[in-house]
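Take the sequence shown: its position 222, counting from 1, is numbered 222 in full-length UniProt numbering, and each next residue is one higher. Note that CB positions come from ideal geometry on N, CA and C, so glycine has one too.
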Amino acid sequence: MRPASGRHRRRTLGLLEKCMPDLGCFRSGGNWFHLLYRPVSLLPDDRHLVNTTFLLFTRENPVIQEFLQPNVEHLLRRTVFQPHRPTKIIVHGFMDNIIVGKWLFDMKDRFLETMDCNVVVVDWRGGNVLPYSQATANCRVVGAEIAFLVKMIERVLGTSQSSFHCIGHSLGAQICGYAGARLQNLGRISECIPMSGWTPATPTLSTSSTPTPAYPTFSWKASVSTRWSVTWTSTPTTATTSRAARSITSGSLWTKGASLKACAG
């Protein structure tokens, strides 16, 4: 996707295209269309409607979040972000948010208890509601926002991309895949399924000619799929990475309040 100087919408070769500052251009149709798996091919909502928000937590501020604004360089320099620590990015999925998604903060707390790191909780509640087809389209914007954040932190604070680990649930895992596609050296992508029993979001995303899933096409990053409570998932979307998951975690299981081996790495 090429950079855009301003937000606009136009028709190119029969396809609709929407461009956003800092994020680039997004198209409907083309590789984003599939007759069986994605018959409804939509443009994402505007950036301000999706309203991707980044909440930063560290051991210095484990309870009260600090909001990251990647497009305001002087504010980024003043954050408590620690550039020499690893960074965990946690992304919720469809119909979830930081208000009802207690698991986001449970995971944040486990990370900070286990390791000295930065934790960034991503909230995109403005773009993850019905219709589902629109939410899947909006995932591309959130992935682009995360990639933009990582690049700005790298440029302004000197952090290596390889120190970032993106962890998603449901559509959040797909979002991590979109972010990884825009970064040269993202450290790792994982998918976690909270103990609520929700399953990964796969309709319109798991089978496609375009590299939309977080898993099979990005061979340059290690992908993991785990359950918080019991065992590995075994769905078509995760089958290609189950061996990598086992090799990274040695088959460790996630038990709430116990080990972070499955997702922390």
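- In this structure, the straight-line span from the alpha carbon of residue 97 to that of residue 150 is close to 21 Å.
- Looking at the backbone, the Cα of residue 30 and that of residue 174 are separated by about 19 Å.
- In the structure shown, residue 74 falls within a helical segment according to DSSP collapsed to helix, strand and coil.
- In this structure, DSSP gives residue 163 a helical state, which the three-state scheme calls helix.
- In this structure, DSSP gives residue 35 a state outside helix and strand, which the three-state scheme calls coil.
- Counting along the chain, the unbroken alpha helix (DSSP H) around residue 47 starts and ends at 47-50.
- At a cut-off of 3 residues, not a single continuous stretch assigned as beta strand (DSSP E) sits fully inside the stretch 124-166.
- Residue 83 places its beta carbon less than 8 Å from that of residue 157.
- The DSSP-derived three-state label of residue 114 is helix.
- In this chain, the beta strand (DSSP E) harbouring residue 68 covers 66-68.
- In the structure shown, residue 16 adopts extended strand secondary structure according to DSSP, grouped into three states.
- A check of alpha carbon separations from residue 49 across 138, 169, 18 identifies 138 as the nearest.
- Less than 8 Å separates the beta-carbon of residue 91 from that of residue 166.
- With respect to the 8 Å criterion, residue 170 and residue 93 are classified as neighbours on the basis of their beta carbons.
- The beta-carbon distance between residue 120 and residue 56, rounded to whole angstroms, is 6 Å. This is short enough to meet the 8 Å contact definition.
- For residue 180, the uninterrupted alpha helix (DSSP H) run begins and ends at 171-181, by DSSP.
- Shown here, residue 26 sits in a strand according to DSSP, grouped into three states.
- The C-alpha of residue 73 lies about 38 Å from the C-alpha of residue 40.
- In the three-state DSSP reduction, residue 94 falls in the coil class, being neither helix nor strand.
- For residue 58, no beta strand (DSSP E) encloses it, and the DSSP letter there is neither H nor E.
- Around the beta carbon of residue 67, fewer than 16 other beta carbons sit within 10 angstroms, so the residue counts as exposed.
- Within the same chain, 86, 87, 187 come within 7 Å of residue 163 by CB-CB distance, once the 5 residues on both sides are set aside.
- Straight through space, the alpha carbons of residue 32 and residue 177 are spaced by roughly 15 Å.
- Distance from the Cα of residue 23 is smallest, within the candidate group 112, 123, 152, for 152.
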